[in-house]
Structures are given as C-alpha cells and as structure tokens.
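Report on one structure; see the data block that follows.
Structure representation (structure tokens):
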C-alpha cells in the first residue's frame, strides 16, 4: 500500500505559465529588454507541444524564448485570447506574499506582518511606514500572487501557473476566491473565467494605467458558487447545473401485467408500481385503471397478449371451428358464475385484504 511524506506539498505537475506581459528587444544594443503589458494572455512552457496546442486553440505564433536572467530557453505564444476558461483545483489554489527578488533568488518573503525568511517584523513597514507600497518597486517588496489552474482543452493533467505582481489583482483574487472557498470548503473543483482588465488609478495627483487579472467563478447563477462543492462533470460543463434532472425511465407495468397468468400476479404488479410511487393508492389514476382492466381480462380468460376473448359459455376449443366431419363439439356451460372482477371489485386488486403492502 502506498504512503506519503506528510510534510510535503501534494502539488499537481506544472505544465506551463500564464503571463500578462512579455518583453521586446531594446533598440540599443546591450540594453535590457523593454517590458510590454499584453492585452491578451501569454502562455509559456518548456514543452513546445503544450505551447503549440495553446496556439492552435487560442491563436498566436509559437516562438522560442529565454526568460530574463535564465539560461534555459523555453517556448511561448502571445495568444489572441482576452479571456481563458479554466478550472480551479480542489483545496486553496492561491498563494500570496510580499516578495523581493535579486540575482541570488528570493531575498525577502513577507505576509505583511512577519518576514518569513528571517522571522523578523515586516521590513518595508518598518522602513517606509504605512504607505510603503507606494514606493518604487526596486525599494520594497512586491505583492506576488500565484494561482494554479487546469486548462481543460489543453493536453495532459497538470496546472498552468498564473503569476501577477499587481497590488489590485492580489486584493481582487483573494476576495473572490475566499468567498467561494467559504462555500465549498475547498472540497471540489470550480470552473472560472479569467480576463485582463485595464484600470486607471490616481496616485499623488497623477493618473496611472494598470491592469488586473480577474478570476471569477464561471457558473450559470451565483447560488451555484455558494451552495457547496459541485461535481467534476459540472466543473467541465457548468451549463449542466441548470438542466433539469433526467427522470429515470418508468418500468412498463402494463406489459408486465399482461405476462401474468393469474389475478394475484397482476395485483403484485400494481403493488410494485404503488411502492415506486407510480400509481395512486386509491387506484384512480390511468395506470391503475389499465392494470385493473388487465386483471379483469385475466379473470375472464382473455389472452392478454393477443386480446382474444372466448365466447360466453364456450370452451376455448369451440373457437377452433368444426371437426373434419363438419360437426361442432358440444357446449360446456359453467355451473357457477365467474368471480366478480368488475370495476367495483378493483379495490380488492389494489388493496388485497383491505390494506396496502
């Protein structure tokens, strides 16, 4: 039997990254590339196959690309997609912290109160006060949000990681996801829509254009997001949440009753239909009336599969016609009248012994 290291994170394989920007070469040789904010999503991966599949689905051209400060080339596509349909995995898929990176890697990682690497109070707050986040990016930590999502129309099982360093995106992501997690307790997957939203903010009397990645549940109605976990099938196709449940096919009780050879057997068919909720207890519904007629036919000797009715007072053989000499067999008359199986006697079929089962 398998086992796990309890202190390790159980993460799905990361197939690639979802980005909201790219860089273009600087016109002057030797200068750093110029960052560009993209109005569409940029997907990158070490696998060309994944990027090629993304280009086919979302548009764009596959190109080889080396991330700034990294020695290994990757593949990317600047898609034509302004919106992505994705699925959040179960659990809490959002990771957020204030971070500062340098050539040696991450030098600070803070939750806004305590710097996690040194276990000291927040450095930025101590140095610059409450408005520290308005300082230039090279002086303070940047709010970094990472969220892994499934892109169900791309190959293989794994997540694509979206990373944004937007202060406003961090707030919007956390607020929306926490509302959903409160309802689902992270026990199920959630379909989402992701898009890049252009916004403007005023800082120090100046208007600045920013972009925010919005991630919201993609469901027909808000109540679906707040009513608990949904199935995997619904996560893949949220439209099924508003479709009426398909009623299970009702057994053909009338056909079963016609195969019976005794009235008692026909009565049992009615009782099964009653227990399943398909007939009324008082026998007033159309199916009860049909079953009543079948029971009457069985009592009278009618062949319920063909509907052949024997003539009153005649044996079935009489219906076969004369013998070879042209002589009919004699009549056979019942000495006792047949049992009362008329409509008035049906309650005995519906409720033998005066009560239901």
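In the numbering used here, the protein residues as written are 505 to 861.
Where is the CB? At the ideal position from N, CA and C, for every residue including glycine.
Check whether residue i and residue j have beta carbons under 8 Å apart
i           : j           : result
residue 777 : residue 770 : no
residue 528 : residue 540 : yes
residue 626 : residue 614 : yes
residue 600 : residue 648 : yes
residue 767 : residue 802 : yes
residue 652 : residue 575 : no
residue 603 : residue 645 : yes
residue 687 : residue 730 : yes
residue 552 : residue 579 : yes
residue 584 : residue 699 : no
residue 522 : residue 666 : yes
residue 739 : residue 695 : yes
residue 717 : residue 680 : no
residue 594 : residue 691 : yes
residue 662 : residue 517 : yes
residue 591 : residue 656 : yes
residue 526 : residue 542 : yes
residue 569 : residue 577 : yes
residue 775 : residue 754 : no
residue 520 : residue 554 : yes
residue 704 : residue 715 : no
residue 668 : residue 544 : no
residue 707 : residue 638 : yes
residue 795 : residue 758 : yes
residue 784 : residue 792 : yes
residue 734 : residue 745 : yes
residue 621 : residue 631 : no
Collapsed DSSP secondary structure at residue i in the structure displayed
i           : result
residue 686 : helix
residue 786 : coil
residue 677 : helix
residue 742 : helix
residue 582 : strand
residue 736 : helix
residue 507 : coil
residue 665 : strand
residue 576 : coil
residue 801 : helix
residue 672 : helix
residue 707 : strand
residue 791 : helix
residue 830 : With a pLDDT of only 43 at residue 830, under 50, the local geometry of the prediction cannot be trusted, and the value read off the model is given with reservation. Here residue 830 sits in coil by DSSP.
residue 821 : With a pLDDT of only 41 at residue 821, under the threshold of 50, the placement of this residue in the model should not be trusted, and no figure is reported.
residue 691 : coil
According to DSSP, residues forming a beta bridge with residue i
i           : result
residue 614 : 602 and 619
residue 590 : 696
residue 715 : 702
residue 526 : 540
residue 547 : 522 and 581
residue 625 : 618
residue 721 : 696
residue 609 : 606
The beta strand (DSSP E) enclosing residue i, as first and last residue numbers
i           : result
residue 569 : 566-569
residue 646 : 646-653
Limits of the alpha helix (DSSP H) - the one that residue i falls within
i           : result
residue 636 : Premise fails: residue 636 is in no alpha helix (DSSP H) and is neither H nor E.
residue 772 : 767-779
residue 726 : 726-730
residue 763 : Careful: residue 763 lies outside any alpha helix (DSSP H) and carries neither H nor E.
residue 754 : Looking at the DSSP string, residue 754 is not in any alpha helix (DSSP H), and its letter there is neither H nor E.
residue 596 : Residue 596 -> no alpha helix (DSSP H), and no H or E assigned at all.
residue 560 : 552-562
Residue i CB to nearest heavy atom of the ligand HEM below 7 Å
i           : result
residue 678 : The ligand HEM is not part of the structure shown, which contains no ligands of any sort.
Residue i at chain E interface by Cβ criterion, 8 Å
i           : result
residue 615 : The displayed structure is made up of one protein chain only, and chain E is not part of it.
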